[in-house]
Each structure stands twice: as structure tokens, then as C-alpha cells.
Amino acid sequence: LHCTTVVLGCAAFSAIIGCGGDNALPGRERVSASGKVLFDGKPVPAGGVSFLHKASGDIGYCPITNGEYIEEEGQGPVVGENTMSVTGLEMIDGKPLWGGTYSKEVVIGKDGFKEDMTILAADVQPADQNYINVDDPVE
21 LHCTTVVLGC AAFSAIIGCG GDNALPGRER VSASGKVLFD GKPVPAGGVS FLHKASGDIG
81 YCPITNGEYI EEEGQGPVVG ENTMSVTGLE MIDGKPLWGG TYSKEVVIGK DGFKEDMTIL
141 AADVQPADQN YINVDDPVE
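Going letter by letter, the sequence shown gives residues 21 to 159 in this note's numbering.
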């Protein structure tokens with residue numbers, strides 16, 4: 021339930037501000053971000069890659085579609101030290117592929133961020149077996 025709440029919150033947040041967010045203040049320029057995301061060797065169908073800028077708290081968000089994420093220059097993460105977090109779903113508004121998020125520290129350069137990543141089941145918490153899709157009718 022917590023993962024679903026986080027994912028829905030990110031989706032609502034990105035709908036309000038757009039996929040990547042507003043242009044950053046001077047000294048906090050946003051750059052492009054792109055790459056592929058695999059989970060145990062298979063493309064992640066849906067989800068998101070978020071970047072939390074350590075100094076400012078600014079957030080950049082890139083949706084994952086069919087194993088790829090992309091955000092144009094001016095809309096992606098802020099240059100500098102960031103915590104990158106990845107969530108993966110079986111489909112849009114679907115069951116999480118793993119529990120919690122996969123996170124790591126990254127440094128974003130002025131030329132943008134490009135990274136393909138493979139996330140292994142051994143590196144993340146297992147998906148919640150008690151996941152309930154609130155859109156499915158109860159029998």
C-alpha cells in the first residue's frame with residue numbers, strides 16, 4: 021500500500037508540474053536525462069526515475085515507458101549531487117515489481133545524465149505479496 025501511495029503521489033506531482041518540473045533558479049540549471057531500465061534482464065514496463073538534488077531539494081522526474089526514461093534539457097535533474105530513485109511497475113497503475121525504491125547517489129553534469137541500469141531482485145526488497153489493486157472489483 022505504501023508503494024502504491026508513493027507511486028500515485030509521484031504521478032499526481034508530475035501531472036501538476038509536468039514531467040520534469042519548472043526551470044530551476046539561477047545556479048540550479050536542469051539538464052536532460054535518459055537511459056534504459058531493466059529488472060532481472062527485462063525492460064521495466066512502467067514507473068519512474070526521480071532525482072533529488074542534495075543542496076536545493078529540487079526534484080526532477082522522468083517517467084519510465086517500455087524500459088526507457090527520457091527528459092529533455094531544462095526539464096530533467098538539477099546539475100550537481102543527487103539521489104536517484106527508481107520505481108518499477110508491471111504496467112501503468114499496476115503492481116510494483118519490487119518493494120520500496122532502488123536508490124543510489126549520482127552526480128549530474130552540465131552535459132546531462134545518461135545511464136542504462138540493470139536492477140536485480142537481489143538488490144531490492146521483494147514486492148509486497150499483499151498488494152491490492154483498488155480498481156479491481158472485490159469478489
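Glycine included, each C-beta is placed from N, C-alpha and C at the ideal position.
Since the structure is predicted, the reported quantities are computational estimates derived from the model, not experimental observations.
Secondary structure note for residue 65: it is in no beta strand (DSSP E), with a DSSP letter that is neither H nor E.
Within the same chain, and ignoring the five residues on either side of residue 102 in sequence, the residues whose Cβ sits closer than 7 Å to its Cβ are 71, 72, 73, 74, 126 and 128.
Three or more beta-carbon pairs separated by less than 8 Å are not found between the region 113 to 125 and the region 76 to 96, which leaves the two stretches without contact. In this structure, residue 123 keeps its C-beta atom at 8 Å or more from the C-beta atom of residue 96. Under the three-state reduction of DSSP, residue 141 is assigned to helix.
Residue 86 sits in coil when the DSSP states are folded into three classes, being neither helix nor strand. With 16 or more other CB atoms across the displayed protein chains lying within 10 angstroms of its CB, residue 91 is buried. The Cβ atoms of residue 99 and residue 121 do not sit closer than 8 Å to each other. Annotation: the continuous beta strand (DSSP E) that includes residue 58 extends over 53 to 59. Counting along the chain, residue 104 sits inside the beta strand (DSSP E) bounded by residues 100 to 109. For residue 115, no beta strand (DSSP E) run applies, since DSSP gives it neither H nor E.
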